[in-house]
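The structure appears right after this line, and notes come after that.
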Amino acid sequence: MPRPGVVAVTVLAVGLAIAARASAQSTASAQAGVGTVRFAGGATTSVFSFSPDLTVAGPNHQATLGATVASVPHSTGYGQMHFATWLTTTPIVGLWHVAGDVELSGTTLGGGRASGAGSVTGEALYVAPRWGAAIGAGPTSGWITHSRPATAFHARLRGWWSEGLSATTFTGSIEPTRFLGAWFTDVNFSVMQRRGRFSAQITAAGRISSAYVSRAAALASVELRLTPSWSINVVGGNVLPDPYQGFPATGILLAGVRFQLPRHHSASRHVVGARGFSVTRSAAGISLEFERHGVESVSIAGDWNGWVPTPLSATRPDRWKADLALPPGVYHFTLLVDGIAWTIPAGVPSVPDGLGGRVAVLVVNP
Numbered sequence: 000m001p002r003p004g005v006v007a008v009t010v011l012a013v014g015l016a017i018a019a020r021a022s023a024q025s026t027a028s029a030q031a032g033v034g035t036v037r038f039a040g041g042a043t044t045s046v047f048s049f050s051p052d053l054t055v056a057g058p059n060h061q062a063t064l065g066a067t068v069a070s071v072p073h074s075t076g077y078g079q080m081h082f083a084t085w086l087t088t089t090p091i092v093g094l095w096h097v098a099g100d101v102e103l104s105g106t107t108l109g110g111g112r113a114s115g116a117g118s119v120t121g122e123a124l125y126v127a128p129r130w131g132a133a134i135g136a137g138p139t140s141g142w143i144t145h146s147r148p149a150t151a152f153h154a155r156l157r158g159w160w161s162e163g164l165s166a167t168t169f170t171g172s173i174e175p176t177r178f179l180g181a182w183f184t185d186v187n188f189s190v191m192q193r194r195g196r197f198s199a200q201i202t203a204a205g206r207i208s209s210a211y212v213s214r215a216a217a218l219a220s221v222e223l224r225l226t227p228s229w230s231i232n233v234v235g236g237n238v239l240p241d242p243y244q245g246f247p248a249t250g251i252l253l254a255g256v257r258f259q260l261p262r263h264h265s266a267s268r269h270v271v272g273a274r275g276f277s278v279t280r281s282a283a284g285i286s287l288e289f290e291r292h293g294v295e296s297v298s299i300a301g302d303w304n305g306w307v308p309t310p311l312s313a314t315r316p317d318r319w320k321a322d323l324a325l326p327p328g329v330y331h332f333t334l335l336v337d338g339i340a341w342t343i344p345a346g347v348p349s350v351p352d353g354l355g356g357r358v359a360v361l362v363v364n365p
C-alpha cells in the first residue's frame, strides 16, 4: 500500500499540471534526483527525490507552491512542502510601491520528527527597470515537534541590479533578527549569470551575532538547458542553520533532471481596440502600438535597449507607437507612463524578472 506522503505528492503533481494549463500566466515543473535533505536536528542524503512545483503570476502578484518527497536511509520517508505569495501595488509615489509576502513551509521525517515555519513581511519598494531596493519587516515563527513555537522580529533591507533576463543579476540583503531575546544579522549576496543554455549562480551568506555563533556559507549552482522542456542542474556548497525549524548548518550537494511544462498564457497578439496592444510587421521590422488614455508620455524599456526608457511616438489621441528593428527571437519589456509608473500592457504575456516583479514578453517570429 502506498504511503500517504507519496500519494499526496503524486496528487499535488497532477494538480499542478492541470492548474498550470488552466492559468493564464503559469509555469509548472518537476525534478527527480538525489541529494541532501535537512530536517529538525539533522541532515542526510536521499536515495531518490521527486519535487513538483507550480508558479502562477500576474503583473502585481506571484504565488508558488512546491513539494518534495524523498526516500532516505533508515526512515519511512521524507516530505516537505512550501508555499509563498508576493503582492505589490501599482506605483504610489513616483517609482515607490508597497508590497508584502507570506511564506509557509513544513518538513517531516518518518518517526514523528516534524517542523514548520511561517513569515509575513511588509515592504516599501523603489523599482526601476534595471535596479531596485526595498526595506521591510515582519514576524517570523517556527515550531518543532515537542518544542514550543518561537516567534522573532525580522527586518530586511535588500537591493538588486540586473542587465536583463538573459545576462547578469546581482542581489544582496541585510536581515537583522531578534530571536529568543538576542539579535543576529544575516548578510547575503548573490550573482547570477545567464548565457545561452547555461545559467550559474553563486551565493555567499554570513551570520553575525554576539549571542549566537557567527558563521559563513557559500553555495553554487549550475543549470544546463538541454531542450526547452528538459534541463539538468547541480548544486553544491554549505548553508547556514535555520533556527525556526531546527535545521543544522551542513554541506549541500544536489543533482537532478527537471522537466518543465510549456509556459501557458493567453495569445501574444491582440487587437488595439480590444486589448490596447498590437504587433504588426513593418519595413524596418515590427511596429508596436499601445493604447493609453489620459497620459502625456509613454516610453518603452527592454532587453534590446539595455532597459533604458525610449520615448514612443503619439500617432493619434491615446495611441503610442514604437518601430523596432528586431531580429526573430524572444524579448522582454515594460512601459514607463508619464515618467513615473512602470506597467505591463493589459493582456500581454509576462514572466517573473527574478527579482519579485514581472516583465512583458514579446515574440518576434521569423
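Just so you know, we're using numbering that gives the first Met the number 0 here: the sequence shown kicks off at 0 and counts up by one. Glycine included, every Cβ here is placed at the ideal spot set by N, Cα and C. Computed from a predicted model, the values in this text were never measured in an experiment.
Determine which residues share a DSSP beta bridge with residue i and list them.
i, result
"ASP317", "DSSP, once it has assigned bridges, lists no residue as partnering ASP317."
"ARG177", "PHE152, TRP182"
"VAL294", "DSSP, once it has assigned bridges, lists no residue as partnering VAL294."
"THR139", "SER118, ALA151"
"ALA210", "Beta-bridge pairing links ALA210 to no other residue."
"GLY301", "PHE332"
"ALA124", "Inspection of the sequence shows that residue 124 is occupied by Leu rather than by Ala. Partner(s): HIS96, ALA133."
"ILE251", "GLY236"
"ARG257", "GLN30, SER230"
"GLY224", "The question names Gly, but residue 224 is Arg in the sequence shown. Per DSSP, SER230."
"LEU361", "TYR330"
"GLY65", "ASP52, HIS81"
"VAL278", "LEU287"
Buried or exposed: where does residue i fall if 16 or more other Cβ atoms within 10 Å of its Cβ makes it buried?
i, result
"GLY284", "exposed"
"TRP95", "exposed"
"HIS73", "exposed"
"PHE47", "exposed"
"ARG206", "buried"
"PHE152", "exposed"
"ALA216", "buried"
"PHE178", "buried"
"SER209", "exposed"
"THR314", "exposed"
"SER104", "buried"
What does the alpha-carbon distance come out to for the pair residue i and residue j?
i, j, result
"GLY171", "GLY40", "29 Å"
"PHE332", "SER296", "17 Å"
"ALA324", "TRP142", "56 Å"
"ALA113", "ALA203", "28 Å"
"ALA199", "SER230", "13 Å"
"SER220", "ARG194", "14 Å"
"ALA123", "PRO240", "28 Å"
"ARG357", "SER349", "6 Å"
"PHE82", "GLY110", "24 Å"
"ALA42", "TRP319", "57 Å"
"ALA149", "GLY158", "28 Å"
"ALA7", "LEU252", "Only weak support is given to the placement of ALA7: the predicted model assigns it a pLDDT of 44, under 50, and the question is left unresolved by the model."
"ALA31", "ARG224", "15 Å"
"ASP352", "THR168", "10 Å"
"THR342", "ALA321", "16 Å"
"ILE173", "ASN364", "43 Å"
"SER50", "GLY293", "47 Å"
"VAL233", "PHE276", "41 Å"
Helix, strand or coil for residue i per DSSP?
i, result
"GLN244", "coil"
"ALA18", "Confidence in ALA18 is poor, its pLDDT being 47 and thus under 50, which makes the residue's placement unreliable; the coordinate value appears in the next sentence. If DSSP states are grouped into helix, strand and coil, ALA18 belongs with the helices."
"SER265", "Model confidence at SER265 stands at a pLDDT of 41, short of 50, so the residue's coordinates are unreliable; what they give is reported in the following sentence. If DSSP states are grouped into helix, strand and coil, SER265 belongs with coil."
"ILE392", "Residue coverage of the chain in this structure runs from 0 to 365, which leaves residue 392 outside it and unanswerable."
"GLY76", "coil"
"VAL307", "coil"
"ALA217", "strand"
"ALA39", "coil"
"THR144", "coil"
"PRO90", "coil"
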